[in-house]
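Residue numbers (this note's numbering): 77 to 368.
Virtual Cβ for every residue (Gly too), placed ideally from N, Cα, C.
Model, not experiment: these values are computed from the prediction.
Beneath this line is the structure, given in structure tokens, with notes to follow.
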């Protein structure tokens with residue numbers, strides 16, 4: 077039976093600009109592209125490459141797919157991925173309720189508005205790969221490395237786009253080949269180790285935060301920051317603060333007026349008032365800082 081893609085309702089004041097900027101970070105991306113108010117993402121939820129189009133309107137996002145003859149399972153997976161990418165997996169009602177009780181939270185919320193959401197990656201493994209390739213390099217070089225991974229192991233679509241590789245696809249890569257393609261020895265090893273770890277990464281959003289973090293702990297190359305990034309950007313956990321993140325430190329300095337950037341310990345203390353909605357607080361801090 078064919079599956080139909082639903083329209084996705086957007087919250088009042090939805091900040092499409094923030095979501096489009098996140099998914100358009102790499103203008104040469106092989107797996108996703110942004111043009112105007114449209115996000116194009118290549119996915120393979122059942123082993124078949126499908127191009128998902130997300131057109132963001134004033135109060136609704138409309139979805140379409142190529143090919144259009146979707147199974148019910150494919151349609152459900154694409155709709156879930158679209159909701160995640162749009163940041164709809166985290167409801168803002170709790171954060172708004174907290175703002176009604178705390179003036180500092182209200183001050184943060186007022187800067188970018190209640191329509192701001194935290195866009196997610198389409199899959200957990202994709203976020204993990206982003207985090208690993210982005211360690212200790214700038215965004216442009218991280219994007220180059222990610223394109224290389226997708227070129228090597230991604231699933232082709234007639235449009236020329238490719239789906240992000242599966243763990244099996246990356247586990248099969250030759251680390252020496254990655255080294256010749258500008259991956260450091262450590263980065264290549266971390267990617268292949270994570271891909272070979274036998275963890276069901278896509279199940280993590282359905283676990284309690286402690287259990288999800290425990291599943292990532294002990295995998296070489298996945299430290300505290302990477303774990304927090306994955307829980308924040310891929311699992312839609314509501315109460316995650318990526319302590320030690322340079323962007324969070326700069327945003328907290330900007331928001332609080334501190335003369336220097338707070339240490340990770342100080343970041344934890346400053347973020348405590350936003351519990352249990354530290355994930356959306358992080359999004360608002362990042363957005364407010366980047367907007368100046």
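DSSP, read as helix, strand or coil, puts residue 102 in coil. An exposed status is given to residue 284, since fewer than 16 other beta-carbon atoms sit within 10 Å of its beta-carbon. When DSSP assignments are scanned along the region 118-149, the uninterrupted stretches of beta strand (DSSP E) that are 3 or more residues long and fall wholly within it turn out to be 126-132, 136-142. Burial is judged here by how many other beta carbons sit within 10 angstroms of a residue's own beta carbon; residue 270 has at least 16 and is buried. A distance below 8 Å separates the beta carbons of residue 316 and residue 304.
For residue 111, the secondary structure class from DSSP, reduced to helix, strand or coil, is strand.
In the three-state reduction of the DSSP assignment, residue 85 falls in the strand class, which pools E and B. By the CB criterion at 8 Å, residue 125 and residue 139 fall outside the cutoff.
Residue pairing by DSSP places residue 263 in no beta bridge whatsoever.
Nearest C-alpha to residue 241 among 227, 174, 185: 227. Under the DSSP assignment, residue 235 falls outside any alpha helix (DSSP H); it carries neither an H nor an E label.
Contact between residue 195 and residue 161 holds: their C-beta atoms lie close to 6 Å from each other, under 8 Å.
Straight-line measurement puts the Cα of residue 217 at about 26 Å from the Cα of residue 92. The straight-line gap separating the alpha-carbon atoms of residue 230 and residue 149 is approximately 21 Å.
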